[in-house]
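Undergrad: The numbering of the sequence shown is our numbering, which starts it at 8 and goes up by one.
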Amino acid sequence: MKDALRLLDIHGVAAVLFVANVLLAACYRPCDEWVSTPLDGRIRKAEGIVAIGADGSVFGRRRVQGFPPTEFTELLFSAPEPLLALHTPAFEGLYDLEARYAVVGERGTIAISKGNGVEWDLVPAPTTEDLYGVRFFCGQPDRGLVSGAAGVILSTEAGGAAWELRPSGTSQALRAVTVLRDGVAVAVGDAGTIIRSEDYGATWSPVASGTAKDLASVDFGDCWDHSTVGDELGIAVGADGVVLVSENRGETWKQASLPIQHDLRQAQLNYRSPSAPEPYAALVGDDEIVFWEFGTDAPFDRLTFPTQVYALEDRDSPQYAIGDAQIFSRKRDEWCPGRFD
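1) Assuming Tyr108 and Thr116 make a contact with CB atoms under 8 Å, what is their CB distance in whole Å?
2) Per DSSP, which one or two residues make a beta bridge with Glu254?
3) Can you list the beta strand (DSSP E) stretches of 3 or more residues lying completely in the stretch 282-325, in chain order?
4) So for Glu113, helix, strand or coil by DSSP?
5) Tell me whether the beta-carbon of Pro89 lies closer than 7 Å to the beta-carbon of Gly112.
6) Please confirm whether Val42 and Leu93 have their CB atoms less than 7 Å apart.
7) Whose CA, out of Gly199, Glu285, Glu54, lies closest to the CA of Leu251?
8) Under the three-state reduction of DSSP, which class applies to Gly167: helix, strand or coil?
9) Got a sec? Which residues, its chain only, sit under 6 Å from Leu152 by beta carbon, not counting five neighbours each side?
10) Just how far apart, CA to CA, sit Pro87 and Trp299?
11) Just checking my contact of Ala194 with Ser154 at CB under 8 Å: how many whole Å lie between their CB atoms?
12) DSSP three-state call for Asp149: helix, strand or coil?
13) Assuming Gly292 and Leu271 are in contact, meaning their beta carbons sit under 8 Å apart, how far apart are those beta carbons, in whole angstroms?
14) Using a Cβ-Cβ cut-off of 6 Å (strictly less than) and excluding sequence neighbours within five positions of Gly228, which residues of its own chain qualify?
15) Tell me which residue opens and which closes the beta strand (DSSP E) that Trp211 is part of.
16) Compare the beta carbon distance of Leu91 and Ala332 with 7 Å and say whether it is the shorter of the two.
17) Tell me, which residues are paired with Trp127 by DSSP?
18) If you measure between the beta carbons of Asp349 and Ile242, is that distance less than 7 Å?
19) Sorted by chain position, which residues of the same chain lie with C-beta nearer than 6 Å to Arg322's C-beta, five sequence neighbours on each side aside?
20) So for Ala156, helix, strand or coil by DSSP?
21) Flag this pair as yes or no: are the beta carbons of Lys52 and Ala288 separated by less than 7 Å?
22) Just reading off the beta strand (DSSP E) that Lys220 is part of, what are its end residues?
23) So Ile267 packs on Gly245, CB below 8 Å; how close in whole Å?
24) Going by Cα to Cα distance, which pick from Gly166, Ala180, Arg182, Val159 is closest to Leu172?
25) For Asp226, name the three-state secondary structure that DSSP assigns.
See the structure below:
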């Protein structure tokens, strides 16, 4: 089944049609409409209600009615170095005023926001290496991890106010880090490097990946899903379309064979619903987003965009993707009852 997804320019400047091939017809709901609106060209990553710029700028999301459904406006805070990664808490901190937002970047830059993602403070880091990943443990805003160049791992038990350098056992750049329940964490990086911790990042052990490809992203799903569907399943992606899957909380990994040749920047693991936990992954790379159901040998949906796609927020509403000076939004709650039946 083929669905023509319309990408509409709200200013009437252009209308671009792009086609998604949907192979899982039994459960896919064919009513996706994506809207392209202008975006500050400095933005390369966004998550939840926060976006970061290549010059150290930080942006906050503003929800609006109609078109466009999502806008990012620049905040007063700006970091002294380019920013490379960010963390936003589940539920955007609405139910936890102690929740932590974090951004990290070049030359050991770390900034923390407590509770709202609007007011930020720079905090000292025990390294000047570039920092590529940051995550706080679900429901534990005092505990967080940062990964970076030259095998850097930092941990905090002070809500990000103070950080400690931890031995990672590798000198490879660690491009991403993610956290699970009970103090488990996984970091991935160059040359197929995967390391794993079971004590909130205090100590780390190497894990065989079965690949020498650089790994750019790792995910075990939204932490709030872990209580209902578990956190056993994880995914890591990287250079030349490599896709790795773990079914035991990152202890072992196997490679999935998918028809993807270009580099993958990001992976997000999602579930159709907690009551019917059929997992799928959204894979971001080049100018497309690939949706893949675990255990199959081909994507069930492949969206091609008119620009490079740098980041995807597939768990939020409205769902959005970051492109070159554009944001692509799909307001699923109003245009479509849900991605899946």
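Quick reminder that beta carbons are idealized off the backbone N, C-alpha and C, glycines included.
TA: The short version:
1) The count along the sequence shown starts at 1 and reaches residue 108 at position 101. The count along the sequence shown starts at 1 and reaches residue 116 at position 109. 15 Å between Cβ atoms; not a contact.
2) Start at 1 with the first residue of the sequence shown, and residue 254 comes out as number 247. DSSP, once it has assigned bridges, lists no residue as partnering Glu254.
3) 283-292, 295-300, 308-311, 316-320
4) Against the sequence shown, residue 113 aligns to sequence position 106. Glu113 falls in the helix class under three-state DSSP.
5) Taking the sequence shown and counting its residues from 1, the one referred to as residue 89 is at position 82. Taking the sequence shown and counting its residues from 1, the one referred to as residue 112 is at position 105. Against a cut-off of 7 Å, the Cβ pair of Gly112 and Pro89 comes out as a contact.
6) For this step, residue 42 is matched to residue 35 along the sequence shown. For this step, residue 93 is matched to residue 86 along the sequence shown. The answer is no: Cβ separation not under 7 Å.
7) The residue given as residue 251 occupies position 244 in the sequence shown. Comparing Cα positions, the closest option is Gly199.
8) Residue mapping note: residue 167 aligns to position 160 of the sequence shown, counting from 1. Coil.
9) As a first step, residue 152 is located in the sequence shown; it is residue number 145 there, counting from the start. Taken in chain order, the residues that qualify are Arg142, Ser162, Val184, Ala192, Gly208.
10) Counting from one through the sequence shown, the residue named residue 87 turns up at place 80. Counting from one through the sequence shown, the residue named residue 299 turns up at place 292. Spanning the two alpha carbons is a distance of roughly 38 Å.
11) By 1-based counting over the sequence shown, the position of residue 194 is 187. By 1-based counting over the sequence shown, the position of residue 154 is 147. Right, their Cβ atoms sit about 5 Å apart.
12) The count along the sequence shown starts at 1 and reaches residue 149 at position 142. Correct three-state label for Asp149: strand.
13) Taking the first residue of the sequence shown as 1, we reach residue 292 at position 285. Taking the first residue of the sequence shown as 1, we reach residue 271 at position 264. Going by Cβ atoms, the distance from Gly292 to Leu271 rounds to 4 Å, so yes, they are a contact pair.
14) As a working note, residue 228 is residue 221 in the sequence shown. Contacts found: Leu276.
15) For the purposes of this step, residue 211 is identified with residue 204 of the sequence shown, where counting begins at 1. Counting along the chain, Trp211 falls outside any beta strand (DSSP E), and DSSP gives it neither H nor E.
16) Locating residue 91 in the sequence shown gives position 84, where the first residue counts as 1. Locating residue 332 in the sequence shown gives position 325, where the first residue counts as 1. Not a contact, by the Cβ cut-off of 7 Å.
17) Taking the first residue of the sequence shown as position 1, residue 127 is located at position 120. Paired residues: none, contrary to the question.
18) Only positions 8 to 348 of the chain appear in this structure, which leaves residue 349 out of reach.
19) Looking up residue 322 in the sequence shown gives position 315. Same-chain partners within the cutoff: Asp229.
20) The residue you call residue 156 lines up with position 149 of the sequence shown. Three-state result, Ala156: helix.
21) Within the sequence shown, residue 52 is the residue found at index 45, counting from 1. Within the sequence shown, residue 288 is the residue found at index 281, counting from 1. Their beta carbons are not under 7 Å apart, which means Lys52 does not touch Ala288 by this criterion.
22) Taking the sequence shown and counting its residues from 1, the one referred to as residue 220 is at position 213. Neither: Lys220 is in no beta strand (DSSP E) and is coded neither H nor E.
23) On the sequence shown, position 260 is the one that residue 267 refers to. On the sequence shown, position 238 is the one that residue 245 refers to. Going by Cβ atoms, the distance from Ile267 to Gly245 rounds to 11 Å, so no, they are not a contact pair.
24) Within the sequence shown, numbered from 1, the residue matching residue 172 stands at position 165. Nearest of Gly166, Ala180, Arg182, Val159 to Leu172, Cα basis: Val159.
25) Position 219 of the sequence shown, counting from 1, holds the residue named residue 226. If DSSP states are grouped into helix, strand and coil, Asp226 belongs with the strands.
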